[in-house]
Every structure is written in C-alpha cells, then in structure tokens.
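So in our numbering, spot 29 of the sequence shown is number 32, and the numbers just go up one at a time. Built from N, CA and C at the ideal position, the CB exists for glycine as well. As the structure is a prediction and not an experimental result, all values here were calculated from the model. Below is one structure, written out as structure tokens; comments come after it.
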Amino acid sequence: MGVKRAYFVRACWDEDAEVFWSESDIKGLHIEAATLQEFQDLVGELAPDLIFENHLRHEELGATPLKDLIPSVVLRAPEFGASSA
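Put into structure tokens, the structure is as follows:
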C-alpha cells in the first residue's frame with residue numbers, strides 16, 4: 004500500500020472554553036491548549052510518535068527507504084469568526 008507521507012492537524016478555537024483543540028487525521032492525537040504556540044509545541048512533540056505507533060506497520064519499516072518514512076505534518080491555522088465548536 005505504501006506509507007502515507009503527509010498528515011494534517013487543524014487548530015480549532017473553542018470560544019466558550021477559550022482553548023484551541025485539534026482536528027486531525029493522526030490516530031490518537033487529541034490536543035487542547037490555551038495558546039496557539041502551546042498547541043504548535045504539543046503537535047511537534049506528540050505527532051511523530053503517534054504516526055510511528057499508529058500509522059506504520061512494523062514490516063514496512065525494514066522494506067521502506069528512510070526518506071519515505073519521514074512524513075510531514077501540516078498545521079492548519081484556526082479560522083476565527085467561523086463556528087469551530
């Protein structure tokens with residue numbers, strides 16, 4: 004099947020709770036943060052391990068070139084003014 008090379012994480016703003024929360028195609032990634040910087044830091048810290056654990060089959064690791072195992076994570080900024088919650 005091949006290794007997926009790009010994943011997305013969207014920061015959504017919850018006006019009532021006053022936190023950013025995540026919407027993502029990375030299995031297991033659930034983030035809430037008070038600031039966008041904190042949100043970005045958590046994505047950088049958590050996403051690589053979750054991709055490795057939840058999206059790669061161990062048999063793919065030995066048979067796939069290293070350059071094809073390193074995915075990109077696209078962070079999408081929140082859309083203020085739109086209903087996110």
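Note on geometry: alpha-carbon atoms of T67 and A9 lie some 16 Å from one another. For E26, the enclosing beta strand (DSSP E) has its first and last residue at 22 to 27. Judged by DSSP secondary structure, F11 falls within the beta strand (DSSP E) whose first and last residues are 9 to 17.
With contacts defined by Cβ atoms closer than 8 Å, L64 and L72 form a contacting pair. E82 carries a coil assignment under DSSP once its states are collapsed to helix, strand and coil.
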